[in-house]
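Just below is one structure, and these are the notes that go with it.
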Amino acid sequence: EAGVVQSPRYKIIEKKQPVAFWCNPISGHNTLYWYLQNLGQGPELLIRYENEEAVDDSQLPKDRFSAERLKGVDSTLKIQPAELGDSAVYLCASSLSHNEQFFGPGTRLTVL
Amino acid sequence: GESVGLHLPTLSVQEGDNSIINCAYSNSASDYFIWYKQESGKGPQFIIDIRSNMDKRQGQRVTVLLNKTVKHLSLQIAATQPGDSAVYFCAEMTGAQKLVFGQGTRLTINP
């Protein structure tokens, strides 16, 4: 069974540019999460979806970050415009309701 | 085996020794705890979990201990192998069904 798929794996952009990350969860998993992981730190939740509904986006910086999961399957996370401090790994995870979360490999973003 | 204090960013052990990684959690209302292993370039991988109605749970070569009185969690790895080298995170599930991760401990295995 395929795990959580994320693309791209690496992205380098200049500050003020837009960037988008894509996540395809494990088939059948209705809950999808986006996390931010800074170097040496644990992941921090940005947003959680139950099917297509964002049920917890309290930690998402809404001035520049947006996310969507239109059909309740795959999801995109966008940053516009990116800032230097956005350099981090962006992790996607999925689960069946509130059970064990399975993480993807992440997208490493470098903002120059 | 070796153990760390309440939290250290790194732990180095000899291959074959036992490892103990400690974690302090913050929310006394948390009722579910998980240990994750994260290898370089990969996402966190579930190792073992424990609910607050238990104080010990064993898996294959791993044991998690929970002390709710002092809000302390530990992960014991028996007979540490080179493949155990990774960063280990504890995480607590809050009442809002949010997973909150600790800062992590990097485990290095010496041959």
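Residue numbers (this note's numbering), protein chains in the order written: chain C, 1 to 112; chain R, 1 to 111.
We treat Cβ as the ideally placed atom computed from N, Cα and C, and that holds for glycine.
Open item on the list: Using C-beta distances below 8 Å, list every residue in its chain close to Gly28(C), excluding the 5 sequence neighbours before and after it, in chain order.
Closed with: Residues Leu96 of the same chain have their beta carbon placed closer than 8 Å to that of Gly28(C), with the five preceding and five following residues left out of the count.
Open item on the list: Tell me the DSSP secondary structure of Leu32(C) in three-state form.
Closed with: Strand, per DSSP.
Open item on the list: Can you tell me which residues form a DSSP beta bridge with Thr107(C)?
Closed with: Answer is Tyr90(C), bridged to Thr107(C).
Task: Buried or exposed (CB count within 10 angstroms, at least 16 for buried), Leu99(R) - done: Leu99(R) comes out buried.
Task: Boundaries of the beta strand (DSSP E) in which Thr105(R) is found, first to last residue - done: Thr105 to Asn110 is the span of the beta strand (DSSP E), which, as asked, contains Thr105(R).
- [ ] Using a threshold of 8 Å, state whether the C-beta atoms of Ala88(C) and Gln37(C) are closer than that.
- [x] Cβ atoms of Ala88(C) and Gln37(C): closer than 8 Å.
Open item on the list: Just to confirm my understanding: we take Ile127(R), look at its own chain, exclude 5 residues before and 5 after, and list those with CB closer than 7 Å. What are they?
Closed with: Chain R is shown only over 1 to 111; residue 127(R) falls outside these bounds and no answer can be derived.
Open item on the list: If you reduce the DSSP assignment to three classes, tell me which class Asp56(C) lands in.
Closed with: Of the three classes helix, strand and coil, the one that applies to Asp56(C) here is strand, per DSSP.
Open item on the list: Below 7 Å, is the gap between the Cβ of Asp55(R) and the nearest heavy atom of the ligand NAD?
Closed with: Of ligands this structure carries none, so the ligand NAD is not represented either.
Open item on the list: Please report whether the beta-carbon of Lys16(C) lies at a distance below 8 Å from any beta-carbon of chain R.
Closed with: By this cut-off, Lys16(C) is not an interface position.
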